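A short worksheet on the structure shown next.
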Amino acid sequence: MVRRARVKMTFVNMAYNLLTVVHLKRRGVMA
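This note's numbering puts the first residue of the sequence shown at 282, with every later residue one more than the last.
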């Protein structure tokens, strides 16, 4: 259970970072 939760957290963190990078890139292009 703990292991699965840890993997899920890592995946969510990676996805969040990716979305943030994409958002910043879009903003940079717009600016």
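Yeah, the Cβ is synthetic: ideal placement off N, Cα and C, and Gly gets one too.
It should be emphasised that the depicted structure is a prediction, and the values quoted were computed from it without experimental measurement.
Nearest-angstrom Cα separation, counted from residue j out to residue i
i	j	result
M295	R308	20 Å
R287	L299	18 Å
V302	F292	15 Å
Y297	L305	12 Å
K393	V283	The chain is shown from 282 up to 312; residue 393 falls before or after that span and cannot be answered.
Residues near residue i in its chain [Cβ-Cβ closer than 6 Å; skip 5 each side]
i	result
M311	none
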